[in-house]
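Visitor:
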Amino acid sequence: MANKKLSATKLLKGILFGSVVGGTTALLLAPRSGKETQAKIEKEVKDNIKLVTDVKDGAEEVQLHAANVQYLSETLLPEFIDETKKSVEKFKFKSKYRIKDIEEQIDKINTELENLTNDLEEKDI
């Protein structure tokens, strides 16, 4: 996969090579006068230079954002994970006693229901 990776340098070389080939072909096959052809070539060269510059700037911007994301993930994620683990442990600790209290209350309710049921059966109601 590393061999197939497209680097900015390869991309710029490809664009430059394509520009030269395209310009040469246009020059040889152009049905225009020399000055018209020269003006057209000059415009195409300027356009291609602008394109290469834009691509280079875009690649640099992507690298900058990627570095920023990497930095943020290296600094923020460990802290986030630690805080989340602490919160989960804190919740488990607190909920353990609450669950115990709830289970005791349910046992009391069940006992009272059994007593009530027995009392009602004894009274034949």
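Numbers given in the working numbering equal positions in the sequence shown, counted from 1, plus 6.
Glycine included, each C-beta is placed from N, C-alpha and C at the ideal position.
1) Pop quiz: Val-58 and Ile-21 are said to be a contact at Cβ under 8 angstroms. What is the actual Cβ separation, rounded to whole angstroms?
2) With DSSP collapsed to three states, give me the class of Asp-60.
3) So, helix, strand or coil for Pro-37, using DSSP?
4) With DSSP as the reference, label Asp-107 as helix, strand or coil.
5) Let me make sure I understand the geometry here. Which of Lys-62, Gln-44, Asp-60, Leu-17 has the alpha-carbon closest to that of Thr-30?
6) By DSSP, does Ser-93 sit in helix, in strand, or in coil?
Guide: Short version:
1) Between Val-58 and Ile-21 a beta carbon distance of about 5 angstroms is seen, short of the 8 angstroms cut, so the two are scored as contacting.
2) Three-state DSSP puts Asp-60 in a helix.
3) If DSSP states are grouped into helix, strand and coil, Pro-37 belongs with coil.
4) Helix.
5) Thr-30 has its Cα closest to that of Gln-44, out of Lys-62, Gln-44, Asp-60, Leu-17.
6) Here Ser-93 sits in helix by DSSP.
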